[in-house]
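Novice:
Number of protein chains: 2
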Amino acid sequence: MQTLYKTLNKINEIDSSLAEKIQKRLDNLTKPQRSLGRLEEFANKVGQITGKENPCIKDKVLFVMAGDHGVVDEGVSAYPQEVTSQMIYNFTKGGAAINVLAGHVGARVIIIDMGVACRLVSHPKILVRKVNFGTKNLSDGPAMTRGEAIHSIKSGIEIFEEESGKGLDIAGTGDMGIGNTTSSSAITACITGEPVENVTGRGTGIDDNTFSHKIDVIKKALEINKPDPEDALDVLSKMGGFEIGGLAGVILAAASKRIPIVLDGFISGAAALIAYVLEPKIKEYMFAAHCSVERGHGIILDYIGLKPILDLNLRLGEGTGAALGIGIIEAGVKILTQMATFESAGVSEREDRKR
Amino acid sequence: MQTLYKTLNKINEIDSSLAEKIQKRLDNLTKPQRSLGRLEEFANKVGQITGKENPCIKDKVLFVMAGDHGVVDEGVSAYPQEVTSQMIYNFTKGGAAINVLAGHVGARVIIIDMGVACRLVSHPKILVRKVNFGTKNLSDGPAMTRGEAIHSIKSGIEIFEEESGKGLDIAGTGDMGIGNTTSSSAITACITGEPVENVTGRGTGIDDNTFSHKIDVIKKALEINKPDPEDALDVLSKMGGFEIGGLAGVILAAASKRIPIVLDGFISGAAALIAYVLEPKIKEYMFAAHCSVERGHGIILDYIGLKPILDLNLRLGEGTGAALGIGIIEAGVKILTQMATFESAGVSEREDRKR
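Protein chains in written order, with my numbering: chain U, 5 to 359; chain S, 5 to 359.
Printed below as a string of structure tokens:
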């Protein structure tokens, strides 16, 4: 508990006193004022988060956390559970979408086993922080114990802190775990109060029958577990999963260290909900990279109050959207820090701003 | 006329026979089918445009064309005309937004003087293809002669062909020219048939009085010139400008060489309209990088039938949105060409696709 409380206590408001100063610099750059729209907004927010007028994004890190879900026994996914570990090996070999997109934006990928159901073959690129061998079936009872929920968040915090020691200017979240849209829908329904139907999607691509069964499973899970929406640890422990807890830890740790955190899609959104209930101040540290096809995701973003950067009909996870979002945020920061001012470039000001 | 006709004759349909083959490869990559949404669409389109199942994006080029507009005498812009040439010098020194964003995505910037009002100081980075020293005031009569319109398109074609000889896998369009939103609104109103009020925006940021005056100027220009919406050369010559003609040439040349072309905002959209009237087949060769704040831009995209990639409230021009769009399209192409397949990675297929 101590690590979690210490981290929560270190989360402060962002430095909004810088907003005006940064906007003034943006307004003096050789372009019509505010003509770069949201790029300017992103740059300003990174400045306020980091407390730097001239922030620099050099080290970009994607935390891809994996875990298995006992609820797959209910047949809620289109893919077998073994895909979780197979995909982790794929990550280590560079063949997955996240490898390609992280490479595209120059980010490093950290792969973490938070609770895969099997023992993975040891590999230097896989951090093993296994809380347990997959969660239990949430439609039968709690997915994990409260102790395991705390443990998963704590591990996320620790991993973030280790990585930040190696240089970390912006972080992205990513997930891998067959069955984890079921947990995420359950978390979203519980915390936002939306009906299960409104927050449940087709995950990796299930058919109509499986879809309606998935909704029933989530309803049953909420009914028998009765998670308390105001107690994030209760929600996490009852609904799962280990990778969601780990990502909540990463998000909290990023905020505590004043590092911008870029959320991927629905699973990352569920982790953000857990973190948000624990400490609402984290809202200002987060960017929503995109809006997922998974319908619960838009509801999460509205609930927290985040406007997505991209809308490309993505629904893959792994941090793929976060990688692209980081590329756009970095572009905004470069605008702030690399452009010439009207004065330095010898460009005339607007007629009505000339002295 | 010969260069233009030869180019128009070389524009063929894209190779849609590849669509299914490329989608099949995308479906075999280690991700749920279609889970990368529009990224997959972009990759597939690049494949069909280039006629390659495994397209490669290495050389990225942004064509930034500059020209002046006689209509600035009417006081339709917030900035003085000298800013056009000052910004070109800023481009050569790397201080403008387009330099920063082109650098971010690894694209080279080609700066072309298509018709700036003054003689620019000679610089190795500036291609001088001046058609004339700025257009005439379109609210008094034609902005240029029909010969000049043809000349501007021809120059755009020639510049594209020169550059493509040096390596060119994807092209973006960009513009610089104080007063050019006025020409673009006039072109848009004429070709799409929308009322002037619906296609006119605040450009670099004009006040209410100037805005209503700008609308009157455009209405007057359409009234006295009566451009024929079915004759693109008539529209271009009467409404201007030289950089818009040049960009239309770039777009046509790209399509004739089967190279994807990424449109920036409103001015590029007006150039695309001119090119589209000359040869509607170009539609399939174009990507709309973003949707500009300039309200006429959305109308252009709807008219041609293009869905923007980004929506970041940009309204700067210079090719800034095109640069970001190129980065996203490139990400899609890398997904197609760099990811592992289920088979090569040893990842299990969906339960219902297993044999």
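For glycine and all other residues, C-beta sits at the position ideal for the given N, C-alpha and C.
#1: Within its chain, find whatever has a CB closer than 7 Å to the CB of P231(S); leave out the 5 residues flanking it on each side and keep chain order.
#2: Assess, as a yes-or-no matter, whether the stretch 187-202 of chain S is touched by the stretch 79-86 of chain S under the definition of 3 or more beta carbon pairs within less than 8 Å.
#3: Would E167(U) pass as a contact of I114(U) if the rule is Cβ separation under 8 Å?
#4: Closer than 7 Å to a non-hydrogen atom of the ligand PLP - does that hold for the CB of Q342(S)?
#5: Residues of chain C with CB under 7 Å from S143(S), in chain order?
#6: Check whether the stretch 271-281 of chain S touches the stretch 304-313 of chain S, counting contact only when three or more Cβ pairs, one atom from each stretch, lie closer than 8 Å.
#7: List, in chain order, every chain U residue whose beta-carbon is nearer than 9 Å to that of R123(S).
#8: For my contact list, G160(S) and G253(S) are in at a C-beta cut-off of 8 Å; report their separation, rounded to the angstrom.
#9: Determine the burial state of M5(U): buried for a count of at least 16 other Cβ atoms within 10 Å of its Cβ, exposed for fewer.
#10: Flag this pair as touching only if the stretch 89-109 of chain S and the stretch 333-352 of chain U have three or more C-beta atom pairs under 8 Å; answer yes or no.
#11: Under 8 Å between beta-carbons, which chain S residues line up against R29(U)? List them in chain order, please.
#12: Please classify D356(U) as buried or exposed, where buried requires at least 16 neighbouring CB atoms within 10 angstroms.
#13: With distances taken Cα to Cα, identify the nearest neighbour of L66(S) among S352(S), D268(S), E152(S) and S296(S).
#14: Applying a beta-carbon distance threshold of less than 8 Å, which residues of chain U neighbour E227(S)?
#15: Say whether chain S places a C-beta atom closer than 8 Å to the C-beta of V80(U).
#16: Is T177(S) helix, strand or coil by DSSP?
#17: Using a C-beta cutoff of 8 Å, does A111(S) count as contacting chain U?
#18: Could you give the residue range of the beta strand (DSSP E) that holds A292(S)?
#19: For R150(S), collect the residues of the same chain with a Cβ closer than 8 Å to its Cβ; drop the 5 residues on either side in sequence, then sort them by chain order.
#20: Relative to the C-alpha of T345(S), which candidate in K10(U), I15(U), D19(U) and N94(U) has its C-alpha closest?
#21: With DSSP as the reference, please indicate the residues paired to V68(U) in a beta bridge.
#22: If you compare alpha carbons, which of A153(S), T139(S) and Q90(S) is closest to I130(S)?
#23: Return the Cβ separation of G183(U) and H73(U) in integer angstroms, given the expectation that the two are a contact with Cβ distance under 8 Å.
#24: Using the three-state DSSP reduction, which class does I18(S) fall into: helix, strand or coil?
#25: In whole angstroms, give me the CA-to-CA distance for V120(U) and G250(U).
#26: Residues of chain U with CB under 7 Å from E86(S), in chain order?
#27: Which runs of the alpha helix (DSSP H), 4 residues or longer, sit entirely within the stretch 91-157 of chain U?
#28: Measure from the alpha carbon of T233(S) to the alpha carbon of each residue in L314(S), G302(S), D179(S) and L282(S), then state which is nearest.
#29: With a cut-off of 8 Å on the beta carbons, I'd call E247(U) and A70(U) a contact; round off their distance for me.
#30: Would you say L328(S) lies against chain U (beta-carbon separation less than 8 Å)?
#31: Can a CB atom of chain U be found closer than 8 Å to the CB of H73(S)?
#32: What does L318(U) reach in chain S if we use C-beta pairs closer than 9 Å?
#33: Would N136(U) and E152(U) qualify as a contact pair, given that the criterion is a beta-carbon distance under 8 Å?
#34: Along the chain, where does the alpha helix (DSSP H) that runs through V266(U) open and close?
#35: Kindly indicate which residue of G300(U), I26(U), S21(U) and C60(U) has the alpha-carbon position closest to the one of G171(U).
#36: Could you check which residue in S348(U), V50(U), G138(U) and S188(U) has the C-alpha nearest to that of A259(U)?
Specialist: This is what the structure holds:
#1: Walking along the second sequence from the start, residue 231(S) turns up at place 227. So the list reads C194, D238, V239, K242 and M243, once near-sequence residues are dropped.
#2: no
#3: Translated into the one-based positions of the first sequence, residue 167(U) becomes position 163. Translated into the one-based positions of the first sequence, residue 114(U) becomes position 110. Yes; because the gap between Cβ atoms is below 8 Å, this pair is in contact.
#4: The model depicted lacks the ligand PLP and carries no ligand whatsoever.
#5: The chain inventory of the structure shown lacks chain C, comprising the protein chains U and S.
#6: yes
#7: One-based indexing of the second sequence puts residue 123(S) at position 119. Those within 9 Å of R123(S) in chain U number zero; the least Cβ separation is about 18 Å.
#8: Here residue 160(S) refers to the residue found at position 156 of the second sequence. Here residue 253(S) refers to the residue found at position 249 of the second sequence. Between G253(S) and G160(S) the Cβ distance is about 2 Å, and since that is below 8 Å, they are a contact.
#9: Numbered from its first residue, the first sequence carries residue 5(U) at position 1. M5(U) should be labelled exposed.
#10: yes
#11: By one-based count along the first sequence, residue 29(U) stands at place 25. Those within 8 Å of R29(U) in chain S number zero; the least Cβ separation is about 14 Å.
#12: Counted from its first residue, the first sequence places residue 356(U) at position 352. By the neighbour-count rule (16 or more Cβ atoms within 10 Å), D356(U) is not buried but exposed.
#13: Within the second sequence, numbered from 1, the residue matching residue 66(S) stands at position 62. The option with the nearest alpha carbon to L66(S) is D268(S).
#14: The residue labelled residue 227(S) in the question sits at position 223 within the second sequence. Correct list: empty, because the minimum Cβ distance to chain U is about 27 Å.
#15: Stepping through the first sequence from its first residue, residue 80(U) is reached at position 76. No, V80(U) does not count as interfacial toward chain S.
#16: In the second sequence, the residue the question calls residue 177(S) occupies position 173. T177(S) falls in the strand class under three-state DSSP.
#17: For the purposes of this step, residue 111(S) is taken as the residue at position 107 of the second sequence. With 8 Å as the cut-off, A111(S) does not count as an interface residue toward chain U.
#18: Position 288 of the second sequence holds residue 292(S). Taken as a continuous stretch (DSSP letters only), the beta strand (DSSP E) holding A292(S) covers M290 to A292.
#19: Residue numbering aside, residue 150(S) sits at position 146 when the second sequence is read from its first letter. These residues qualify, in order along the chain: L237, D238 and S241.
#20: What you label residue 345(S) is simply residue 341 of the second sequence in a count that begins at 1. For T345(S), the nearest C-alpha among the options comes from N94(U).
#21: Along the first sequence, one-based indexing puts residue 68(U) at 64. The partner list for V68(U) (beta bridge, DSSP) reads I115(U) and G178(U).
#22: For the purposes of this step, residue 130(S) is taken as residue 126 along the second sequence, with counting starting at 1. When each option's Cα is compared against that of I130(S), the closest is Q90(S).
#23: As a first step, residue 183(U) is located in the first sequence; it is residue number 179 there, counting from the start. As a first step, residue 73(U) is located in the first sequence; it is residue number 69 there, counting from the start. The Cβ separation is near 3 Å, so the contact holds.
#24: One-based indexing of the second sequence puts residue 18(S) at position 14. I18(S) falls in the coil class under three-state DSSP.
#25: Position 116 of the first sequence holds residue 120(U). Position 246 of the first sequence holds residue 250(U). Distance between the alpha carbons of V120(U) and G250(U) is about 13 Å.
#26: Counted from its first residue, the second sequence places residue 86(S) at position 82. Those within 7 Å of E86(S) in chain U are S352.
#27: 101-109
#28: Numbered from 1 along the second sequence, position 229 holds the residue referred to as residue 233(S). Here the sequence assigns Pro to residue 233(S), which means Thr is not the residue at that position. The residue with the shortest Cα to Cα distance from P233(S) is L282(S).
#29: Start at 1 with the first residue of the first sequence, and residue 247(U) comes out as number 243. Start at 1 with the first residue of the first sequence, and residue 70(U) comes out as number 66. So it is a contact: roughly 6 Å between Cβ atoms.
#30: For the purposes of this step, residue 328(S) is taken as the residue at position 324 of the second sequence. It does; some Cβ of chain U falls within 8 Å.
#31: Within the second sequence, the letter at position 69 stands for residue 73(S). For H73(S), the answer is no, since every Cβ of chain U falls outside 8 Å of its Cβ.
#32: Residue mapping note: residue 318(U) aligns to position 314 of the first sequence, counting from 1. Chain S residues near L318(U): S39, L40, G41, R42 and L43.
#33: Position 132 of the first sequence, counting from 1, holds the residue named residue 136(U). Position 148 of the first sequence, counting from 1, holds the residue named residue 152(U). The answer is yes: Cβ separation under 8 Å.
#34: For the purposes of this step, residue 266(U) is identified with residue 262 of the first sequence, where counting begins at 1. Where V266(U) is concerned, there is no enclosing alpha helix (DSSP H), although the beta strand (DSSP E) it sits in stretches over I265 to L267.
#35: On the first sequence, residue 171(U) is found 167 positions in, with the first residue counted as 1. If we check each option's Cα against that of G171(U), C60(U) comes out closest.
#36: In the first sequence, the residue the question calls residue 259(U) occupies position 255. Closest option to A259(U), Cα to Cα, is V50(U).
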